[in-house]
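Engineer: Residue numbers (our numbering): 64 to 348. The C-beta atom is built at its ideal place from N, Cα and C for all residues, glycine as well. Before anything else, here's the structure in question.
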């Protein structure tokens, strides 16, 4: 089983996670820029964070044979903080980078006017830089949030097929499917979706434009729930080809629209620093 996790926050995970993921068949990941759990006090802190997403984190992933890509954006929650708004002016510097395969996470947290403005501005950047867009839907009032999300996407002029609307569930799946956008589902231990619920949605709606992710972050989450979903699909009678489509070919097709998805030479063994015995080789001299 080969797995491409299209939404996971590896900055918040350990090297043990990379090792477990590689052993479970995870060969590529996309890490969206997101809120780190504590308010950031200036745009300068985003510069360091974005640099890590396109520099250190791909290097760290590569030690375990995992290909790492990123999406870059001002996240919805921090769009409400005036100290963070200058980040919008920083984004063009990063949206030109080879490892950046989409604009994201963008969208809504509390559905404020400030979030409206940041969302529209970043969809415009996605159009200008010919990148797909990864859209976060709010955890509260999800149906209304999806309706508002799809209205803004339609107004932006971006092709719906270049947008994935994430964190969906049984309430929002049909709304997004009918829009022509891609559908993202986060599999969590306690919240969002479970492997079993995901299997039922795949039975009802099929495998087209469906993306399954772990969205693993600082909280209680599990980077192996993509594999658990694939196993649940097989147990429910889906074919190996169905699993490969959902867990590999679909994310490759979606992010491949960036023109930057280099998946060559993926079968590289994990490296060990011969001088230190450390499982993470050190960058620099």
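1) Indicate whether residue 170 and residue 198 have their beta-carbon atoms separated by less than 8 Å.
2) For residue 80, which residues from the same chain have a beta carbon less than 8 Å from its beta carbon, with the 5 sequence-adjacent residues on both sides left out?
3) Nearest to residue 142 by alpha carbon, out of 159, 98, 284?
4) Report the three-state DSSP secondary structure of residue 68 (helix, strand or coil).
5) State buried or exposed for residue 329, treating a residue as buried only when at least 16 other CB atoms are found within 10 Å of its CB.
6) Quick one: measure Cβ to Cβ for residue 231 and residue 247, integer angstroms, because I've assumed they're closer than 8 Å.
7) Could you tell me which uninterrupted alpha helix (DSSP H) segments, each at least 4 residues in length, are contained entirely in the region 205-246, listed from first to last along the chain?
8) Between residue 107 and residue 305, what straight-line distance do the alpha-carbon atoms span, to the nearest angstrom?
9) With distances taken Cα to Cα, identify the nearest neighbour of residue 238 among 261, 262, 205.
10) Residue 324: which of 130, 101, 284 sits nearest, CA to CA?
11) Is the distance from the Cβ of residue 264 to the Cβ of residue 226 below 8 Å?
12) Please tell me whether residue 165 and residue 134 are closer than 8 Å, where the distance is taken between their beta carbons.
13) Does DSSP classify residue 129 as helix, strand or coil?
14) Tell me which same chain residues have a C-beta within less than 6 Å of the C-beta of residue 160, skipping the five on either side of it?
15) Which partner residues of residue 134 appear in the DSSP bridge assignment?
16) Could you check whether residue 219 and residue 250 sit closer than 8 Å to each other, using their CB atoms as the reference points?
17) What's the C-alpha gap between residue 91 and residue 192?
18) Identify, in the order they occur along the chain, each residue of the same chain with its Cβ nearer than 7 Å to the Cβ of residue 258, setting aside the five sequence neighbours on each side.
19) By alpha-carbon positions, which one of 319, 146, 156 ends up nearest to residue 195?
20) Using alpha carbons as the reference points, say which of 163, 144, 187, 157 lies closest to residue 178.
21) Please work out which residues of its chain come closer than 6 Å, Cβ to Cβ, to residue 69, disregarding the five sequence neighbours upstream and downstream, and give them in chain order.
22) Just tell me which of 281, 155, 307 has its CA closest to the CA of residue 184.
23) Residue 188 to residue 167, Cα distance in whole Å?
24) For residue 348, I'd like the list of residues in its chain whose CB is within less than 6 Å of its CB, leaving aside the five on either flank, ordered along the chain.
25) Note the first and the last residue of the continuous beta strand (DSSP E) segment covering residue 309.
26) Roughly how many whole angstroms lie between the Cα atoms of residue 13 and residue 84?
27) Find the nearest neighbour of residue 148 within the set 180, 126, 215, 124, judged by alpha-carbon distance.
28) Just verifying my parser: in three-state terms, what is the DSSP assignment at residue 196?
29) Is it buried or exposed, residue 176, if we count other Cβ atoms within 10 angstroms and call 16 or more buried?
Structural biologist: On the basis of the coordinates in this document:
1) yes
2) Only 73, 279, 286 meet the Cβ criterion.
3) 98
4) strand
5) exposed
6) 6 Å
7) 205-219, 236-242
8) Their backbone Cα atoms lie some 44 Å apart in a straight line.
9) Ranked by Cα distance from residue 238, the first of 261, 262, 205 is 205.
10) Nearest neighbour of residue 324 by Cα position, chosen from 130, 101, 284, turns out to be 130.
11) No. Outside cutoff.
12) yes
13) coil
14) 117, listed in sequence order.
15) Paired residue(s): 95, 165.
16) no
17) 23 Å
18) 250, 288, 291, 292, 295
19) 319
20) 144
21) 93, 274, 276, 314
22) It is 155.
23) The alpha-carbon atoms of residue 188 and residue 167 are separated by roughly 11 Å.
24) Legend: pLDDT at residue 348 = 29, less than 50; position of this residue unreliable, no value from coordinates given.
25) Careful: residue 309 lies outside any beta strand (DSSP E) and carries neither H nor E.
26) As displayed, the chain neither begins before 64 nor continues past 348, which places residue 13 out of reach and without an answer.
27) From the listed residues 180, 126, 215, 124, the smallest Cα separation to residue 148 is found for 180.
28) In this structure, residue 196 counts as strand in the three-state DSSP scheme.
29) exposed
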